[in-house]
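994 is the number that UniProt numbering gives to position 994 of the sequence shown; each next residue is one higher, with no gaps. Backbone N, C-alpha and C fix where the C-beta goes; we use that ideal spot for every residue, glycine too.
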Amino acid sequence: MRRMLRGAIFCLANANWGPAQIDAVRCSPASIIEPMRNAIQVDETICYDVLFDIRLLIQKHGRDLQHMTWIKLIELFETVIDLCEQRLEYAKTCENSLHQILLLTGQLYSDGHFAAPPDLLYDLIEKCADRRPDTSVVKLIQYRSMNLTPLTPNWIPGMLQLVRRYSAESQRPERRSKRLEYAKTCENSLHQILLLTEQLYSDGHFAAPPDLLYDLIEKCADRRPDTSVVKLIQYRSMNLTPLTPNWIPGMLQLVRRYSAESQRPERRSKAISELHAFYTKYRLLYEHELVTQLMIPVLQDTENESSSRIQYLMLNILFDVAKTVSLRDDARLFESVMGIVRQLFISSILRTTVETAIEDEDDAETVVAPTRPPPRVPTPKAGSLSFDNLEVVAQSMGELLSERWPVLNINTLSILVGIMVDHLHAQYAAGWTGEQGADVRLRTFSALLSIHCCPITNRLTFHGLGEDWPRVNVYIRRSQSAAEDDGSPGFSWSPICAVVTMAAKQDTWWPVLRAILQQLRRVLEHIAFVRTASDEQVDELAHALISIHQRAELGDISLHLYSEERLAQRGQIDEKQLKAQIAKFLPPILCTLLNYPCRQDLRNTDLCKILVDCVAQESMEAVVACDLAIQLAPSAMAGMALVLTEALSRMHYNAVRAIPIMELLSDSAEIPEFHKFFQEKHFRSIIDTLAPYTNVHKFNTFIVASIHRVPGTLFTLGGNGMPETPPPMDGAGSKEERGPDRVHGEILRAMSAFFHIGQIDNDWGDPKIPDRLTETSQEHYFVNDSIITVKTLIEHVKDRDRSEGSLKESDGDDVFVSSSEQPKASETPQQPAGNFNEQRRRHQSAIQTRRVANQSSDESTPRKTLDDMYATAGPLRRNSVSRVPIISWTQLIIRHMYGKSGWLMRSFEEWPADFEQTAAMPRPGSSLLLHFANQPGAIRLGRKPNDEVLQRSLRNLDRISGIEYHAVGVLYVGMYQETEAQILANVYGSERYAKFLKLLGNPIPLDKHPGGLLPGKHGSYTYEYQDELSRIVIPYDENNVLLQLHAKQEISCWLATRRALLNDRCAVRLLRKMIVRTQLSVNVWRSVQDNDDQPYISSGVDRLRKITAIRDKCAVVQLPKDAP
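Okay, here's the thing in C-alpha cells:
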C-alpha cells in the first residue's frame, strides 16, 4: 500500500510540475494538493515525499501560483506541523523539509509574489515559532506589530500579549533584545569564516596549530554543520595514541559524547565508525585494555539503543571484536564479548511475546518489553531489538563459527553452541513457530547443523551448506557414546539433537524445516557422532522426523502466510507444493535413519511406507532413497514392492527420471526378498516402465545404454516371469538405419541374443592345438551376427611314421575338447599295456570272421574296425598292434557379440569301443546351436584361403572382450591417517578391511592377467566379482560404510546415487553397481567425444559393430545396401 502511494505521488508531481511534465494530462495543483494532504497521514516517508514535491512546485512555479493553491498549501503545512508535534518519527523526517519550504514562502512574500493573505503565512509561522529561525520570528513580530492599529479591536491588549510572549525568558536571547539579534547576525558570519578556515586547513594552508581550530569548533559544535563536526571527531580520534595520557578513557569520552541519542545520526555514525577503526588500529598490541576498558563499556549498551541503524553498526563492531579477539588465557575476553551477544540474542526474546512487536523508526519490527505498553511517541526502549538486527546476529553467529572454527576449543565451541541453542529454545518457548523469527531460526539451524565429525579421527569438522570440503578442528573430538564412555572430554551432539527434535515437532514454517532437512542428512551419516546423544534422544529425533510427513498431511505445516480472503484460493496449490517439497527433502533423511539400530524394527515399516508415498509424488530423491532402503531393509520394502513398481509405472517418462528409476530396478534385482513374490505381470510392468527410456531419439546414449542392461539383469532372475524376446521399445530403426536408428537396431539385436543365451559364458579363446597337428584348410562364415571359423588339421607325417610298430595313445579321451579342456600332447594319460591288449583281444575275437577267397593278401592294407584302441583284425594280425589309421581334427570357433567359443574335435576312420562312454557335446556348445537356429543362410568371408585382411580383422575382434571388465583399486586408510604418504605406506589393512575385501568378490590368481594385472608386479592374487553383464576385478592392495563418489561433473552427473550410508554387505553391492555405472559413463563420454555416430553401448554392441564391419569388408558376395 505504501509503495503504491509513493508511486502515485511521484507520478502526479512529475506529470504536472516535475521534470517529466506532461501538458496533455496537466491539472490544477490545488486539485492534487488535497489528496496529498490525506496521504501524508499514512507514513512519515510519504510525508517526506510530498514535501519534496511541494518544494519543487514552489521553487519552479511559486511566482505563478493562484490564491486557492496557496490556501491548500497552507492547510497541508498545518497538517504537517500537527503530525510533527504528535509523532517523533514525523519530526525527525519531515520537519527540516517543512522549514525549508517556509523559508521559500517567506522569500516569495518578501518579493511580493505571495498571492494569499499574509495572515495565513504568519499564522503558520507562529504555530511553530519555537522551531523557526530567529530572522523569521523577528519578521513575525514586526508584522504583528505593524498590523495593531487603533482600528484593530483590542489593539493595546494585543500588543501587550505580543511583547510578553516574545520577551519571556524561555525565548532565545536573540528574540529578547536588539543586542542579541546583532549577535545572531555576527554568529552566521563567524560560522562562514570557520568554514573558510577549515577549507584552508584541508588544503594545507593553515599555519597555526590545528588544535586551536578544532577547540574553537568544539565550543560551538551543537551549532556547527555535521560535516564540520565529523571532521572534528576524526581529528580527535587520530590524535589519541598510546603516547597520549589517558588515551583509552579519552576515546571512550569522545565516543560517548558524539554517539549519544541527542546527537544527529551522521555524528553518531561517525563516532561508531571511529571506534571500530581505533580498535582495529591498536588491537594487536593493546587488545586486553581496548576490549575491557573501551569496547565492552560502549557495546554493552547495544540492546538499549533506540535507533536500529546505530544498533546495526554496533552489532557489526561487536562481532568483529568476537571474530578477532584472542582466545588466550582461557578465552576470558572472548567469553566477555559473547556475554553481550547472549544478552542480545536470548534475553530480548525471553522478555517479549509476539503481540508486543511494533514497528521501529526504520520500518522494522522491534521487540518491546511486555511491561511497557507501546507509547504513542517512541522513546528509547530498554531491551528492544529489531527482527532485522536479530537476523544480523544470527548470520554473524554462523560467520563467527565458520571463521574461527580451526582455533576453537571445547570451551569456546560450547559457548557458541549454547547461545544458539538457547535462542532457539527461547523462540519456541515464546510461541514463535511460524513466520515470526523464521529467518533467524533458519540461519541458526544452518550454523548448528554444519558441525560434523570425521569418522576416522573423531575430530569435529565444519561443513557449511554449499562448501566443497569440510574444515577440521584439531583441538576438539567427539565425546564417547554412553555405551563406551571413557571419561575423556569431548563434544556431545545432545543439545543440538534436542533442539532439532523440538523444531521437527513444533515448527510450522516449511523454509525452516527444509533448511534442517537439507543439512541434517550429512550429520546423521556420522552415526558415532549422533550417538553421543542418548539413545532416547536419537529415537525421539527419528520419530519427530517421521512426524513431519504426518504433520504435513494434517495441514500443520505451511509454505506461506496469506490473508483470509486469499487463503482459500491458494490452499490446494500450497498443499500440492508442500507435498512435493517434503517428498524431495524428507526421503534422504529417512533412508539414513534405517542405519540406526535403536528400535529399528518398530519404525522401519513406517519409514518405508513414507518413502513409497513420496515416490507417488514423482520425487526422484524418494526413488533413490527407496533404492537404498531395499538394500538396508529388504523385509520392510518387500511388502511395498508391488505398490512401488505400480507408482513407477504411472510416472511420465523424462530424462531426469531415467537414471534413478534404472538404478532402483537394477539394484533391486540383487535382493531376492524384494522380487520373490513377483509374477509375470509384475516383471512385464517393470519392462513397460523401462521401455520408453530406450528411445534413442529422446534420450542420450548413457541413458539408453544403462536402461538396456536392466532387462538383461532381471531376465536372469525372473524365470517364467520374463518375456522370451526383447520388449517392444520406442524408436524403431528406419530402412537406412543411420544415426540413432542404427544404434537402436544394434541394441535390439544384442538384447535378442542375450535373451536367448541367458547369461554370458566365461569360456574364451581358441583350444590349444597340439604341436604334431598342422592346419590344412580353414573357412569363415557370417551367420546370425556371428563369425564361424572351421579349420581342418591333421597330424605331422613323421608322427604317423613313428606310430608304426608302436602304439600311440590318443591325445584325449573326449571326442569334443572344449577350450576349457585343451589337449596337451605332453600330458596324455597313459593306460597299462596289459589292460589295453586284453580289451583289444576280446573285441577282435568277437568280430573276427573267415577270409573270403578272393581277398587280397597284401599286408599293407589294414582292415578297418570300430576298435577304439586303433587295432586291426583278421588273418593279417601280427603279434604287435597294427598300424594306426590317419586321424583328422576339426577346430570350430564361433565369434559372437558376447565372446568367442571354440571346440577341437577328432574324426575317426574306425569307431572306438568306448564311444558310448564319452561325454556328449559340452555345455558351451549351446552357443553353436543358438547361432545356427532359424537362420536363412550364411555369408562366406574371405576372398582367398589365407586372407590377411580378414585374419587381422579377426585378431582385432578378439581384443574386444565379450564381457565388460572393470579394474578397481582399493586403498586402506587407517585410523588417524590423513596424509597421502601415511595412506600409501600401509602394508596391510585392518581385520574389517580384510572382511570387506572378501565381500567384494572371490579371490583368483593372476595367471590369466585379469584386468591387465601381472603376476609378481601386482601381487599373486586379486578379488573378482562377476554379474550377468560385467566382471569387476579389485586388485589386492564398525559396521557401516559411507560411500561417496568423487568424479568430474561430466561423469558424476549420470549417477543418481552418489552418496550413501550402508552396512558393509549392502555397501559392497552398491559399490559394485557404482563401479559399473561410473565406468559406463566414462566409456560413453569418451566414445561421444571421439565418434558420435558410434557411441558406446556395451562390449557386446562393440563386438557386433566389429563383426558387421568384417562382414561388409570381407564378404565373398556383394551385400545389399539395406543389410543390417
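Inter-residue CB distance, residue 124 and residue 74 (contact presumed, cutoff 8 angstroms): 6 angstroms
Between 1099, 509, 1056, which lies nearest to residue 556 when the distance is taken from Cα to Cα? Residue 509 is the option with its Cα nearest to residue 556.
Assigned secondary structure, residue 133 (DSSP; H/G/I helix, E/B strand, else coil): Reduced to three states, the DSSP call for residue 133 is coil.
Span separating the alpha-carbon of residue 698 from that of residue 1096: 17 angstroms
Exposed or buried, residue 811, counting other C-beta atoms within 10 Å across all chains shown (16 or more means buried)? Confidence at residue 811 is low in this model, with a pLDDT of 41, below 50, so the placement of that residue is unreliable and no value is reported for it.
Residue 152 versus residue 142: straight-line alpha-carbon distance, rounded: Going by the C-alpha atoms only, they are around 16 angstroms apart.
Alpha carbon to alpha carbon, what distance is there between residue 693 and residue 902? Computed Cα separation, rounded: 37 angstroms.
To which residues of the same chain is residue 474 closer than 8 angstroms at the C-beta, ignoring the five residues directly before and after it? 406, 459
Drop a sphere of 10 angstroms on the beta-carbon of residue 4, count the other beta-carbons inside from all chains shown, and report buried for 16 or more, exposed for fewer. exposed
Neighbourhood of residue 240 by C-beta distance below 6 angstroms, restricted to the same chain and skipping five residues each side: 247, 250, 251
Is it the case that the segment 647-660 contacts the segment 608-616, given that we only count it when at least three CB pairs across the two stretches are under 8 angstroms? yes
Counting beta carbon pairs with one atom in the segment 249-268 and one in the segment 225-239, are three or more of them shorter than 8 angstroms? yes
Figure out for me which residue from 949, 774, 970 has the closest Cα to the Cα of residue 889. 774
Using the C-alpha atoms, what's the distance from residue 995 back to residue 1099? 32 angstroms
C-alpha distance - residue 992 paired with residue 495, whole-angstrom precision: 33 angstroms
Less than 9 angstroms between the beta carbons of residue 103 and residue 133, yes or no? yes
Residue 344 beta carbon less than 9 angstroms from that of residue 1143: Within the shown structure, residues of the chain are numbered from 1 to 1124, placing residue 1143 beyond reach of any answer.
Tell me which residues share the same chain as residue 651 and place their Cβ nearer than 7 angstroms to its Cβ, disregarding the 5 neighbours each side in the sequence. 618, 657
In the DSSP assignment, the beta strand (DSSP E) including residue 789 goes from what residue to what residue? Boundaries of the beta strand (DSSP E) harbouring residue 789: 786-795, taken from the DSSP string.
Which residues in the same chain as residue 789 place their Cβ atom closer than 7 angstroms to its Cβ, once the five residues preceding and following it in sequence are excluded? 778, 780, 893
Inspect the beta-carbon positions of residue 663 and residue 1056 and report whether they are closer than 9 angstroms. One thing to note: residue 663 has its Cβ within 9 angstroms of the Cβ of residue 1056.
Mind checking if residue 421 is an interface residue toward chain B, Cβ cutoff 9 angstroms exclusive? Given the protein chain composition of this structure (a single chain), no chain B is represented.
By how many angstroms is the C-alpha of residue 544 removed from the C-alpha of residue 266? 51 angstroms
Beta-carbon within less than 7 angstroms of residue 1130's beta-carbon, same chain only, minus the 5 sequence neighbours each way: which residues are those? Nothing can be reported for residue 1130, as the shown portion of the chain is limited to 1 through 1124.
Check residue 437 in the structure and name its three-state DSSP category. The answer is coil: DSSP assigns residue 437 none of H, G, I, E or B.
Which parts of the segment 269-344 are runs of the alpha helix (DSSP H), unbroken and 4 residues or longer, counting only runs that do not cross its ends? Listed in chain order, the complete alpha helix (DSSP H) runs (minimum 4 residues) inside the segment 269-344 are 296-299, 308-324, 332-342.
Go ahead and label residue 871 buried or exposed: buried means 16 or more other beta carbons lie within 10 angstroms of its beta carbon, across all protein chains shown. In this prediction, residue 871 has a pLDDT of 39, which is less than 50 and means its spatial position is unreliable; nothing more can be read from the coordinates.
By alpha-carbon positions, which one of 976, 1040, 437, 1076 ends up nearest to residue 963? 1076
Could you round the C-beta distance between residue 389 and residue 311 to whole angstroms and report it? I think they count as a contact, below 8 angstroms. 5 angstroms
Where residue 593 falls: helix, strand or coil (DSSP): helix
Would residue 40 and residue 88 be called neighbours here (beta carbons separated by less than 9 angstroms)? The answer is no: Cβ separation not under 9 angstroms.
What are the boundary residues of the beta strand (DSSP E) that residue 474 is part of? 471-477
According to DSSP, simplified to helix, strand and coil, what is residue 117? coil
Nearest CA to the CA of residue 476: which residue from 464, 463, 490, 467? 490
Residue 536 classed as buried or exposed, judged by whether at least 16 other C-beta atoms fall within 10 angstroms: exposed
Distance CB(residue 319)-CB(residue 400) smaller than 9 angstroms: yes
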